[in-house]
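Undergrad: Numbering (the numbering used here), first residue to last: 1 to 373. Dropping a structure here in C-alpha cells format, bear with me for questions.
This is the structure in C-alpha cells:
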C-alpha cells in the first residue's frame with residue numbers, strides 16, 4: 001500500500017516507511033509556519049515592492065539613458081524581483097489560511113515557478129555583475145572594448161533562457177493535493193510519490209543554479225578586493241569603501257538568503273525520504289522541517305536587499321537618486337544641474353593605460369577616454 005501524507009490544519013502525519021501502522025506517528029507541528037512565512041512574505045512584499053518600483057522608475061528616467069552594462073543587469077534584477085513580488089499576496093493568503101490553496105493548480109505551478117525564476121535569476125545576474133567588475137578592475141586592458149551594452153543585452157537574454165530551461169522540470173514536479181479538510185495544498189517542492197525523482201533534480205538545480213555561480217562570485221569579488229587594496233590609494237578611498245560595501249551586500253545576499261535555503265531544502269527532501277519515515281528520528285525531522293520553513297522566508301528577503309545593491313553597484317543610478325533628492329529639496333526657481341555623466345568602476349571598462357599606472361583616471365573613468373559600455 002502506498003504511503004500517504006495527511007495534512008490537517010496544524011500538523012502533518014508522516015507514516016512508517018514500510019507502510020504499516022506505527023504506535024507513535026511522527027507529527028510535524030506546522031502552526032509556526034502560519035505566522036513565520038506570512039510575516040517574511042509581507043515584509044518582502046511591502047519593502048520589496050516599494051524599493052524595486054522606485055528603482056525601475058529611476059532606471060526608466062531619461063537621465064539614466066543610455067544604459068550601461070551594469071544598469072542592464074540591475075534592471076533585469078529588479079524585473080525578476082517584481083515578478084516574484086506579484087505572487088506574494090497569494091502565498092500570504094495561502095499560509096494565513098493554513099495551507100488552503102483556493103487559486104487552482106495552474107496558479108500553484110506558476111507561483112512556484114516564479115519563485116525559483118526570481119531566485120536563480122537573481123543569483124545569475126549578481127554573478128554577471130561580479131564578472132563585469134572583475135574584468136574591468138583586474139584585467140582592464142583585456143576587457144577594453146569587450147564590456148559594451150550589446151554584450152550585456154545578449155548575456156541577459158542568455159540568463160533568462162538558461163534559467164527558464166533549468167526550471168522547466170519544476171513546473172512538472174509542482175503539484176497540488178487534498179488536505180484533511182478537503183482543501184487544496186500547493187506543494188513547494190514535490191509530493192511524496194515523485195520526491196525521489198525530485199531529489200535528483202534538486203541536486204542538479206542546486207549545483208548549476210547556485211553552487212557554480214556562488215563559487216564564481218566569490219572568486220571574482222575576492223580578486224576585485226585584492227586589486228583595490230593594492231591599487232587604490234588615498235584619492236580612491238571613497239570608491240574603495242563603496243566597492244567593499246557592494247561586496248558585503250552581495251555576500252550577505254548569498255549567505256543569508258541563498259545558502260541556508262539550498263542547504264535546508266536538500267536536507268528537508270532527504271529527511272522526508274529517510275528520517276521522516278521513522279518515528280525514532282521524528283525530533284530530527286521536526287527540526288529540519290522548522291529550519292527549512294525559516295530559510296524559505298529568508299530567501300524572499302533578497303527582494304528587499306537588491307535595491308541597496310542598485311545604489312552601490314550602479315553609479316548612474318546613485319547619481320540619479322542624489323540628483324532627484326537635491327531637486328526635491330530645492331524650492332523656488334533654483335536650478336539643479338543634471339548629474340555628471342562620468343562613468344566609474346562599476347559601469348566602465350578600462351582606459352588604454354594599465355590600472356596600476358593611472359588608478360585615479362580609471363576609477364573616475366570619464367567620457368574623455370572615449371570608452372563606452
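Just so it is clear, CB atoms sit at the ideal spot from N, CA and C, and this is done for glycine as well.
Can you tell me whether DSSP reads residue 175 as helix, strand or coil?
TA: For this step, residue 175 is matched to residue 175 along the chain shown. If DSSP states are grouped into helix, strand and coil, residue 175 belongs with coil.
Undergrad: Residue 196 by DSSP, collapsed to three states: which one?
TA: The residue labelled residue 196 in the question sits at position 196 within the chain shown. Here residue 196 sits in helix by DSSP.
Undergrad: Could you tell me the distance, in whole angstroms, from the CA atom of residue 66 to the CA atom of residue 168?
TA: Within the chain shown, numbered from 1, the residue matching residue 66 stands at position 66. Within the chain shown, numbered from 1, the residue matching residue 168 stands at position 168. Distance between the alpha carbons of residue 66 and residue 168: 34 Å.
Undergrad: Does the distance from the C-beta atom of residue 78 to that of residue 59 stay below 8 Å?
TA: By 1-based counting over the chain shown, the position of residue 78 is 78. By 1-based counting over the chain shown, the position of residue 59 is 59. Against a cut-off of 8 Å, the Cβ pair of residue 59 and residue 78 comes out as a contact.
Undergrad: Just the C-alpha distance for residue 53 and residue 82, rounded to the nearest angstrom, thanks.
TA: Reading the chain shown from its first residue, position 53 is the one you call residue 53. Reading the chain shown from its first residue, position 82 is the one you call residue 82. For residue 53 and residue 82, the distance between alpha carbons rounds to 8 Å.
Undergrad: Could you tell me whether the stretch 131-142 touches the stretch 197-211, where touching means 3 or more Cβ pairs closer than 8 Å?
TA: Touching, no, given that fewer than three Cβ pairs across the two stretches are closer than 8 Å.
Undergrad: Leaving aside the five residues before and after residue 321 along the sequence, list all residues of the same chain whose C-beta is less than 7 Å from its C-beta, in chain order.
TA: For the purposes of this step, residue 321 is identified with residue 321 of the chain shown, where counting begins at 1. Low local confidence applies: a pLDDT of 49 at residue 321 is under 50, so the model's placement there is unreliable, and no value is given.
Undergrad: Can you have a look at residue 307 and say buried or exposed, based on whether 16 or more other CB atoms are within 10 angstroms of its CB?
TA: Mapped onto the chain shown, residue 307 falls at position 307. Classified as buried, residue 307 has 16 or more neighbouring CB atoms from the shown chains inside 10 Å of its CB.
Undergrad: For residue 100, which of helix, strand or coil comes out of DSSP?
TA: Residue 100 sits at position 100 when you count from the first residue of the chain shown. Coil.
Undergrad: I'd like to check one pair, residue 250 with residue 137: are the Cβ atoms closer than 8 Å?
TA: Taking the first residue of the chain shown as position 1, residue 137 is located at position 137. Taking the first residue of the chain shown as position 1, residue 250 is located at position 250. No, Cβ-Cβ distance for residue 137 and residue 250 is not below 8 Å.
Undergrad: So the alpha helix (DSSP H) residue 295 belongs to, where does it begin and stop?
TA: Numbered from its first residue, the chain shown carries residue 295 at position 295. 282-300 is the extent of the alpha helix (DSSP H) around residue 295.
Undergrad: Measuring CB to CB, does residue 186 end up less than 8 Å from residue 94?
TA: Along the chain shown, one-based indexing puts residue 186 at 186. Along the chain shown, one-based indexing puts residue 94 at 94. Taking 8 Å as the Cβ cut-off, residue 186 and residue 94 qualify as a contacting pair.
Undergrad: Suppose the cutoff is 7 Å on Cβ atoms and the five residues either side in sequence are ignored; what does the same chain contact list for residue 107 look like?
TA: Translated into the one-based positions of the chain shown, residue 107 becomes position 107. If you ignore the 5 residues before and after residue 107, its C-beta comes within less than 7 Å of the C-beta of 90, all in its own chain and listed in chain order.
Undergrad: Check each candidate in 40, 125, 271, 262 and name the one with the smallest Cα separation from residue 216.
TA: Taking the first residue of the chain shown as position 1, residue 216 is located at position 216. For residue 216, the nearest C-alpha among the options comes from 125.
Undergrad: With DSSP run on the structure shown, which of helix, strand or coil describes residue 219?
TA: Within the chain shown, residue 219 is the residue found at index 219, counting from 1. Here residue 219 sits in helix by DSSP.
Undergrad: In chain order, what residues of the same chain have a beta carbon less than 8 Å from the beta carbon of residue 182, not counting five sequence neighbours either side?
TA: Taking the chain shown and counting its residues from 1, one reaches residue 182 at position 182. Nothing listed; no residue qualifies.
Undergrad: Is it a yes or a no for the stretch 271-287 touching the stretch 150-164, going by three-plus beta-carbon pairs under 8 Å?
TA: With a cut-off of 8 Å on Cβ pairs, the stretch 271-287 is not in contact with the stretch 150-164, counting fewer than three such pairs.
Undergrad: Tell me where the beta strand (DSSP E) around residue 186 begins and ends.
TA: Along the chain shown, one-based indexing puts residue 186 at 186. Here the beta strand (DSSP E) through residue 186 covers 184-186.
Undergrad: Whole angstroms are fine: how far does the CA of residue 227 sit from the CA of residue 164?
TA: Within the chain shown, residue 164 is the residue found at index 164, counting from 1. Within the chain shown, residue 227 is the residue found at index 227, counting from 1. Going by the C-alpha atoms only, they are around 35 Å apart.
Undergrad: With respect to the alpha helix (DSSP H) encompassing residue 71, which residues constitute its N-terminal and C-terminal limits?
TA: Your numbering for residue 71 matches position 71 in the chain shown. Here the alpha helix (DSSP H) through residue 71 covers 69-85.
Undergrad: Rounded to the nearest angstrom, what separates residue 207 and residue 264 at their Cα positions?
TA: Numbered from 1 along the chain shown, position 207 holds the residue referred to as residue 207. Numbered from 1 along the chain shown, position 264 holds the residue referred to as residue 264. Distance between the alpha carbons of residue 207 and residue 264: 14 Å.
Undergrad: What separation, rounded to the nearest whole angstrom, lies between the Cα atoms of residue 260 and residue 301?
TA: Here residue 260 corresponds to residue number 260 of the chain shown, with the count starting at 1. Here residue 301 corresponds to residue number 301 of the chain shown, with the count starting at 1. Between residue 260 and residue 301, the C-alpha separation is close to 13 Å.
Undergrad: For residue 385, which residues from the same chain have a beta carbon less than 7 Å from its beta carbon, with the 5 sequence-adjacent residues on both sides left out?
TA: Here the chain has residues from 1 to 373 only, and residue 385 is not among them.
Undergrad: For residue 87, which residues from the same chain have a beta carbon less than 6 Å from its beta carbon, with the 5 sequence-adjacent residues on both sides left out?
TA: Within the chain shown, residue 87 is the residue found at index 87, counting from 1. If we look at residue 87 and ignore the five residues flanking it on each side, its Cβ neighbours are 111, 114.
Undergrad: Among 253, 178, 299, 152, which one has its Cα closest to the Cα of residue 71?
TA: Numbered from its first residue, the chain shown carries residue 71 at position 71. For the residues 253, 178, 299, 152, the minimum Cα distance to residue 71 belongs to 152.
Undergrad: What is the rounded straight-line gap between the Cα of residue 123 and the Cα of residue 213?
TA: One-based indexing of the chain shown puts residue 123 at position 123. One-based indexing of the chain shown puts residue 213 at position 213. Distance between the alpha carbons of residue 123 and residue 213 is about 7 Å.
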